[in-house]
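Residue numbers (our numbering), protein chains in the order written: chain U, 1 to 500; chain C, 1 to 131.
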Amino acid sequence: MSAAPGFELGHHLPALQVVVPLIGAVICAMLRNGTLAWGWALIVSVLTAAISTMLFVAVQAGGTISYGLGGWAPPYGIEYRVDLLSAFILLIVSWAGAIIMVYARQSVMHEIDAGKRAWYYCMYLLCLTGLLGIAITGDAFNAFVFMEVSSLSMYTLIAMGKNRRALLSSYQYLIMGTIGATFYVIGVGILFTLTGSLNFVDIAERLVTMQMERPAIAAITFLTVGISLKLALFPLHSWLPNAYAYAPSVTTSFLAGTATKVAIYLLMRIFFSTFGEAKVFEILPTTTILVLLSVSAMIGASLVAVFQDDVKRVLAYSSVAQVGYITLGIALANDLGLTSALVHIFNHALMKTALFLAVGAVFLRIGSVRLHDLDGIGPKMPVTMAAFALAGFALIGTPGTAGFVSKYYLAAAVIDKGWWGLVFVIAASSLIAVFYVGRLLEAIWFRAPGALAQKASDPPLSMLLPIVGLSLAVIWFGVDTRLTVDVAHNIATMLLGGVK
Amino acid sequence: MIAGMEGLLTHYTYIVTIFLMVSGLFVVIARGNMVKKLVGLGCFQTSVYLLYIGPAKILGGTAPILAPEYSVYSNPLPHVLILTAIVVGVATLALGLALTVRINEAYGTIEEDEIFARDMVEHANSEESAS
């Protein structure tokens with residue numbers, strides 16, 4: 001980046017990716033008026049999504065982009081490093097941010113007090129900044145700072161829920177999230193004392209010559225546990241169901257679509273491009289532990305989901321189960337496994353966002369998301385509920401939908417490893433998904449409408465469009481897998497190509 | 001035995017750090033009072049500051065300002081990192097306390113078990129009114 005003659009905006013895309021929403025958030029806070037703030041936040045989030053798309057195209061054409069922030073060359077300065085994996089995650093997060101923002105206006109008008117709406121959008125953009133920052137930075141400590149930026153704003157977004165339990169959920173998430181982040185920072189500290197560097201690439205180069213001795217093992221343990229708290233890996237998921245259930249609808253959709261995905265990205269970054277899969281999976285019993293936890297999530301959390309009477313909680317427990325699919329793919333640590341994990345990150349973001357947005361529309365109309373209040377609501381809000389059904393089928397893994405593609409690759413990866421037993425686990429988990437999704441669809445479509453459902457109708461167009469768009473995308477990416485599978489395969493090859 | 005003791009004594013910063021870390025985490029888990037939990041969390045986070053700064057200080061080293069009289073300097077980078085971490089810690093504590101105030105307004109208590117009890121009562125009441 002040094003001695004660039006003249007100022008060319010294209011060179012600074014990596015910095016703009018984070019700076020645009022950051023400055024946008026500050027301006028948003030000054031606007032004070034809810035509608036004005038929404039308009040501004042929409043412009044900023046669409047601009048952010050456009051930048052991520054440009055970055056993605058640039059990385060696909062020309063390979064990894066390295067950007068020394070402030071003109072300081074890496075590894076001395078903070079490096080923003082956009083490889084295909086980063087670009088893929090940036091694409092998911094920023095587009096989810098933009099699409100949910102289109103939807104947000106009506107929903108936020110309904111759920112947030114007038115005086116707080118501008119603050120809400122400000123926090124939303126800050127959270128977006130943090131999540132994008134984690135995905136783009138090549139510096140381990142910088143990732144911690146962005147993690148806290150996104151988490152602190154996320155706690156605020158959750159606490160704005162109408163129910164007083166939103167405050168409690170936010171507090172519990174704050175405690176768990178901070179413990180997770182602190183574990184991460186302890187891990188980074190040990191790595192720093194061990195290698196003298198904070199740059200992921202630089203650490204990787206210095207670790208190559210080292211044995212996996214006690215400090216390195218301690219470091220990876222702290223990092224893994226810390227990030228697992230953030231991504232809600234099975235026994236560490238206790239914060240998630242309440243946070244999803246009591247947060248405002250827009251927050252839930254945003255949280256479900258992005259936050260856990262970015263944490264999974266960070267775990268992949270640590271496992272594959274910092275330590276290298278040889279160190280993580282061959283010397284340590286990572287595979288056994290991760291497979292056991294993933295399987296518990298896929299079966300256990302799915303079973304719990306069947307018995308919830310709040311639609312948002314059903315979907316929240318299903319999220320824990322779906323994270324299990326992704327971590328199972330990572331635990332396999334082979335080409336197909338990583339491909340399935342990456343594809344599922346994309347597909348799950350797509351379908352869970354669609355589902356939660358549809359549930360948000362129901363909340364707008366009838367003010368409840370309890371299952372028995374949704375009885376027979378299908379014919380009353382046909383477009384929303386048809387979209388809900390489509391995304392629900394994808395969640396089960398019906399062929400022809402995006403959910404099938406990721407499960408197909410996961411099963412292929414398991415067979416490739418020769419672990420036939422796990423194929424039955426995947427099938428069993430899908431079967432349980434049939435029950436919890438089926439239970440929702442049965443109530444929504446085939447029961448006599450209750451008192452609340454009688455007066456429901458489809459939501460305004462600004463909410464309907466994102467829901468319908470996402471559910472059509474669920475079908476689109478079930479058929480056309482060029483964006484998802486091909487890119488995911490390239491990323492998997494890059495990650496397994498290992499530490500140079 | 002003597003060598004072991006010596007190792008412990010020369011590494012006393014680590015012992016202090018780990019003691020703070022574990023006691024902080026214990027308070028977070030064992031206490032039901034929300035303010036006490038935050039105190040524990042603060043203690044836990046503070047121990048990490050020591051974890052970074054301890055190894056960065058070099059005995060006999062001075063502040064990293066180039067001067068002909070000095071040749072041994074402490075590593076400035078961990079200090080700078082921890083300055084950032086302190087800011088993050090303060091922000092987390094402030095948000096945690098703000099949430100505690102709001103919880104106290106909404107529930108009239110900041111003891112976790114009492115809050116759960118009140119939510120159970122509310123839940124039972126809403127079930128009754130629904131049926």
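No residue lacks a Cβ here, since even glycine has one placed at the ideal position from N, Cα and C.
{"Asked": "Local conformation of U/Ala402 per DSSP, three classes", "Found": "helix"}
{"Asked": "Segments of 3+ residues assigned as beta strand (DSSP E) that fall wholly inside the segment 309–381 of chain U", "Found": "none"}
{"Asked": "Exposure of U/Asn33, with buried meaning 16 or more beta-carbon neighbours within 10 Å", "Found": "exposed"}
{"Asked": "Buried versus exposed, by CB contacts within 10 Å (16 or more), U/Glu148", "Found": "buried"}
{"Asked": "Buried versus exposed, by CB contacts within 10 Å (16 or more), U/Tyr76", "Found": "exposed"}
{"Asked": "Start-end ranges of the alpha helix (DSSP H) lying completely within the segment 45–76 of chain C, minimum 4 residues", "Found": "none"}
{"Asked": "For U/Arg269, the three-state DSSP class (helix, strand or coil)", "Found": "helix"}
{"Asked": "Same chain, Cβ closer than 7 Å to U/Ile467, five either side skipped, listed in chain order", "Found": "Ala354, Leu357, Ala358, Ala361, Thr384, Ala387"}
{"Asked": "Cβ-based burial, U/Asn347 [other Cβ within 10 Å; buried from 16]", "Found": "buried"}
{"Asked": "Straight-line Cα distance separating C/Thr92 from U/Gly450", "Found": "44 Å"}
{"Asked": "Beta-carbon proximity list for U/Leu293, same chain, < 6 Å, skipping 5 on both sides", "Found": "Leu233, Phe234"}
{"Asked": "Bridge-paired residues (DSSP) for U/Val82", "Found": "U/Ile65"}
{"Asked": "C-beta contact flag for U/Thr287 and U/Ala245 at 8 Å", "Found": "no"}
{"Asked": "Beta carbon proximity, U/Ala159 to chain C, threshold 8 Å", "Found": "yes"}
{"Asked": "Neighbouring residues, chain C, relative to U/Ile145 (Cβ below 8 Å)", "Found": "Note on identity: in this sequence residue 145 of chain U is Val, with Ile being the wrong assignment. Within 8 Å Cβ-Cβ: Thr84, Val88."}
{"Asked": "Chain C residues whose Cβ lies nearer than 7 Å to that of U/Gly189", "Found": "Val48, Leu51, Tyr52"}
{"Asked": "U/Val314 Cβ short of 7 Å to the ligand FAD heavy atom set", "Found": "As far as ligands go, the structure on display features none, and thus does not contain the ligand FAD."}
{"Asked": "Boundaries of the alpha helix (DSSP H) in which U/Thr288 is found, first to last residue", "Found": "286–296"}
{"Asked": "Proximal residues, the segment 205–225 of chain U versus chain C, C-beta separation under 8 Å", "Found": "none"}
{"Asked": "Straight-line gap, U/Val59 to U/Pro74 (C-alpha atoms, nearest Å)", "Found": "19 Å"}
{"Asked": "Top-ranked residue by Cα proximity to U/Gln211, from U/Leu47, U/Ala278, U/Gly400", "Found": "U/Ala278"}
{"Asked": "Contacts around C/Leu51, its chain only, beta-carbon distance under 6 Å, and the 5 residues preceding and following it disregarded", "Found": "Thr17"}
{"Asked": "Cβ of U/Ser556 within 8 Å of any chain C Cβ", "Found": "Examination of residue 556 of chain U is not possible in this model, given that chain U is present from 1 through 500 alone."}
{"Asked": "Whether U/Ser52 touches U/Leu22 by CB criterion (8 Å)", "Found": "no"}
{"Asked": "U/Thr484 versus U/Ile326 - alpha carbon distance", "Found": "14 Å"}
{"Asked": "Length of the line joining the Cα atoms of U/Leu62 and U/Leu42", "Found": "Per the sequence shown, residue 62 of chain U should be read as Gly rather than Leu. Going from the Cα of U/Gly62 to the Cα of U/Leu42 covers about 30 Å."}
{"Asked": "First and last residue of the uninterrupted alpha helix (DSSP H) at U/Ala427", "Found": "420–446"}
{"Asked": "U/Asn501, DSSP secondary structure in three states", "Found": "Any property of residue 501 of chain U remains undetermined from this structure, which presents chain U solely from 1 to 500."}
{"Asked": "Per-residue DSSP class, three states only, for U/Glu519", "Found": "Because residue 519 of chain U is not part of the residues shown, which for chain U are 1 to 500, the question remains open."}
{"Asked": "Chain U contact for C/Val35 (CB, 8 Å cutoff)", "Found": "no"}
{"Asked": "Sheet register partners of C/Glu111 (DSSP bridge)", "Found": "C/Asn33"}
{"Asked": "Cβ neighbour criterion (16 or more within 10 Å) applied to U/Ser2", "Found": "Any answer about U/Ser2 is weak, because its pLDDT of 43 lies below 50 and its placement is not dependable; what the coordinates show is given next. Under this definition U/Ser2 is an exposed residue."}
{"Asked": "Contacting positions in the segment 89–117 of chain C - beta carbon closer than 8 Å to chain U", "Found": "Ala91, Thr92, Leu95, Gly96, Leu99, Thr100, Arg102, Ile103, Ala106, Tyr107, Ile115"}
{"Asked": "Three or more C-beta pairs below 8 Å linking the segment 41–56 of chain C and the segment 75–93 of chain C", "Found": "yes"}
{"Asked": "Residue-chain proximity (C/Phe44, chain U), Cβ-Cβ < 8 Å", "Found": "yes"}
{"Asked": "Candidates U/Thr258, U/Lys230, U/Leu464, U/Gly177, of which the one nearest C/Gly89 by Cα", "Found": "U/Gly177"}
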